[in-house]
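Engineer: Chains as they are written, first to last, in this note's numbering: chain H, 1 to 211; chain C, 1001 to 1211. Yeah, the Cβ is synthetic: ideal placement off N, Cα and C, and Gly gets one too.
2 protein chains.
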Amino acid sequence: MQLKRADVVTGALALLDADGLDALTMRKLGARLGVQAGGIYWHFRNKQAVLEAVADRIVGEVTATPFEPGAWDAQLAELAHRLRRALLAHRDGARVVAGTYVLEPNTERGAEAALRIMTDAGFPLDRAGWVLFAVTYYVLGHTIEEQAQRAQGDWEERGKTLPASELNRLMDEVIKADPTERFTYGLELILDGVRLRLEESRGRSTCSEEK
Amino acid sequence: MQLKRADVVTGALALLDADGLDALTMRKLGARLGVQAGGIYWHFRNKQAVLEAVADRIVGEVTATPFEPGAWDAQLAELAHRLRRALLAHRDGARVVAGTYVLEPNTERGAEAALRIMTDAGFPLDRAGWVLFAVTYYVLGHTIEEQAQRAQGDWEERGKTLPASELNRLMDEVIKADPTERFTYGLELILDGVRLRLEESRGRSTCSEEK
DNA sequence: ACCTGAACACCGTTCAAGT
DNA sequence: ACCTGAACACCGTTCAAGT
């Protein structure tokens, strides 16, 4: 059976889940695929290209199931939550996606879906792009942090040697908090801003006067 | 003259600015410092520790000059802009800081400054922490993107082979837009959300009725 | 067309030994 | 205390040569 591009991606994803991004080498990937490391270069230009394909596979989950029709802000929130879950589904998923400037098909599909949501709601295309960027950065940053388990261990270690400062107490609380709740809080901050601007552009006051 | 920790950080930062993060190796750093690569390990546990110290040096600019007294939202915006400028001041600055979970002194100072701004404004400590996380993620994500010049070149190349889609036109506009303006737009989205929550917690309506 | 085998030019890290 | 010299166990990538 001949090696196909899709097989390489599947193998790389399995290796990623098993050992993490730092242990994902072309040599180990070759071994898993029953091939010399050099052989992979017939299918992919270089390691970066493999990682881009892996990133696109991960992001593909976001558009795998269709979106329920509904209000634009609910849809945008759903999109953000899907992206976070897709990243969390694979070890170091957020780092892989953040590290590759993805122009692959699945990522394009996701971006276009998000833009349609915004423009359908009456947002001008360029502002919709800026909103999409802001939301994406937030999701990536938050999820990278969630997957960096170092955080917890390091902080606990440090907390013992440090004086009981305000920052210290806060970090304890932030780490103990439910990550999904924390994620949703920040996402809602952004969505509030978008709602405000959308209402302004519709020529309404920021007071909700309708009933 | 003996090698000090601070010299290693200065050398690493110079190497970073000259050649970028990917070319920053312990061997090249040693050469620049007039020392064998192994010698660095007497001062730092490993390469990661060097990068953490570099990250803290970069972030130190944020608290280098005192904050003007003023409204909390203006101060928080100032903090975010300072962080972005500090990251942009060095090649791959955002990637370095994002890649190191920093618990170094300058970063702690910055975090505590930000928390004080929020709690002085009447925000509960735990929510202040969540807001700070959200803002930090946004700044890091946006600035990583700004520093990935790949974006521009790659997209222009791709744009020629792709059909003239809506996404295509948008990306052109987003790339051409002033980065500072784009950054400020997303930041204001978040700040709007924070303002809303602060007003609610003060028991006022979202309508500004004073005046 | 697709992959092997072997090489090239590197890495980070360790550690005896020097001073 | 501070650093050298040399080694160890790796890397990503290339490319003639095989099938």
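Any beta-carbon of chain C closer than 7 Å to the one on residue 97 (chain H)?
Structural biologist: Taking Cβ atoms only, chain C never reaches closer than 7 Å to residue 97 (chain H), which makes this a no.
Engineer: Identify the continuous alpha helix (DSSP H) that holds residue 72 (chain H) and give its terminal residues.
Structural biologist: Where residue 72 (chain H) is concerned, the enclosing alpha helix (DSSP H) stretches over 72-88.
Engineer: Would residue 1137 (chain C) and residue 185 (chain H) qualify as a contact pair, given that the criterion is a beta-carbon distance under 7 Å?
Structural biologist: Not closer than 7 Å, so no.
Engineer: Quick check on the burial criterion: 16 or more other C-beta atoms within 10 angstroms. Buried or exposed for residue 1018 (chain C)?
Structural biologist: Classification of residue 1018 (chain C): exposed, given that the 10 Å Cβ count is below 16.
Engineer: Kindly give me the distance between the Cβ atoms of residue 1196 (chain C) and residue 73 (chain H), rounded to whole angstroms, as I take these residues to be in contact under 8 Å.
Structural biologist: Not quite, the Cβ-Cβ distance comes to about 14 Å (not below 8 Å), so this is no contact.
Engineer: Would you kindly report the start and end of the unbroken alpha helix (DSSP H) that includes residue 43 (chain H)?
Structural biologist: Element bounds for residue 43 (chain H): n/a, residue is neither H nor E.
Engineer: How about residue 54 (chain H) and residue 6 (chain H): do their beta carbons lie closer than 7 Å?
Structural biologist: No.
Engineer: For the alpha helix (DSSP H) containing residue 1183 (chain C), list its first residue and its last residue.
Structural biologist: 1179-1201 is the span of the alpha helix (DSSP H), which, as asked, contains residue 1183 (chain C).
Engineer: Could you check where the alpha helix (DSSP H) with residue 105 (chain H) kicks off and where it finishes?
Structural biologist: 105-120 is the span of the alpha helix (DSSP H), which, as asked, contains residue 105 (chain H).
Engineer: Where does residue 147 (chain H) fall in DSSP's three states?
Structural biologist: Of the three classes helix, strand and coil, the one that applies to residue 147 (chain H) here is helix, per DSSP.
Engineer: Give me, in chain order, the residues of the same chain whose beta-carbon lies closer than 6 Å to that of residue 1114 (chain C); leave out the 5 immediate sequence neighbours on both sides.
Structural biologist: Once the five neighbours on either side are set aside, the close Cβ partners of residue 1114 (chain C) are 1079 and 1132.
Engineer: Grab me the residues of residue 27 (chain H)'s own chain with a C-beta within less than 7 Å of its C-beta, minus the 5 sequence neighbours each way, in chain order.
Structural biologist: For residue 27 (chain H), where only same-chain residues beyond five positions count, the Cβ hits under 7 Å are 37.
Engineer: By the 9 Å beta-carbon criterion, what residues does the segment 1093-1119 of chain C contribute toward chain H?
Structural biologist: Against chain H - using a Cβ distance shorter than 9 Å - the residues of the segment 1093-1119 of chain C are 1095, 1098, 1099, 1101, 1103, 1108, 1111, 1112, 1115, 1116 and 1119.
Engineer: Output needed in chain order: residues of the segment 72-96 of chain H with a Cβ under 9 Å from some Cβ in chain C.
Structural biologist: Listed by position, the residues of the segment 72-96 of chain H near chain C (Cβ gap below 9 Å) are 95.
Engineer: Would you call residue 23 (chain H) buried or exposed, if buried means 16 or more other Cβ atoms sit within 10 Å of its Cβ?
Structural biologist: So residue 23 (chain H) ends up on the exposed side.
Engineer: Under 8 Å Cβ to Cβ from residue 1096 (chain C), same chain only, skipping five residues before and after it: list those, please.
Structural biologist: Within the same chain, residue 1096 (chain C) has close Cβ partners 1016, 1021, 1051, 1054, 1055, 1058 and 1090.
Engineer: Does the beta-carbon of residue 1181 (chain C) have 16 or more other beta-carbons within 10 angstroms, so that it is buried, or is it exposed?
Structural biologist: Counting Cβ neighbours within 10 Å, residue 1181 (chain C) comes out exposed, since fewer than 16 surround it.
Engineer: Alpha carbons only, please: which of C:1173, C:1142, C:1134 and C:1147 is nearest the one belonging to residue 189 (chain H)?
Structural biologist: Out of C:1173, C:1142, C:1134 and C:1147, C:1134 has the C-alpha closest to the C-alpha of residue 189 (chain H).
Engineer: Any idea if residue 1130 (chain C) is buried or exposed, counting beta-carbon neighbours within 10 angstroms, 16 or more meaning buried?
Structural biologist: Looking at its Cβ environment, which holds 16 or more other Cβ atoms inside 10 Å, residue 1130 (chain C) is buried.
Engineer: Starting from residue 196 (chain H), find everything on chain C with Cβ-Cβ shorter than 7 Å and list it in chain order.
Structural biologist: Within 7 Å Cβ-Cβ: 1192.
Engineer: Which whole-angstrom value describes the C-beta separation of residue 1062 (chain C) and residue 1083 (chain C), a residue pair presumed to lie in contact below a C-beta threshold of 8 Å?
Structural biologist: Confirmed, about 5 Å.
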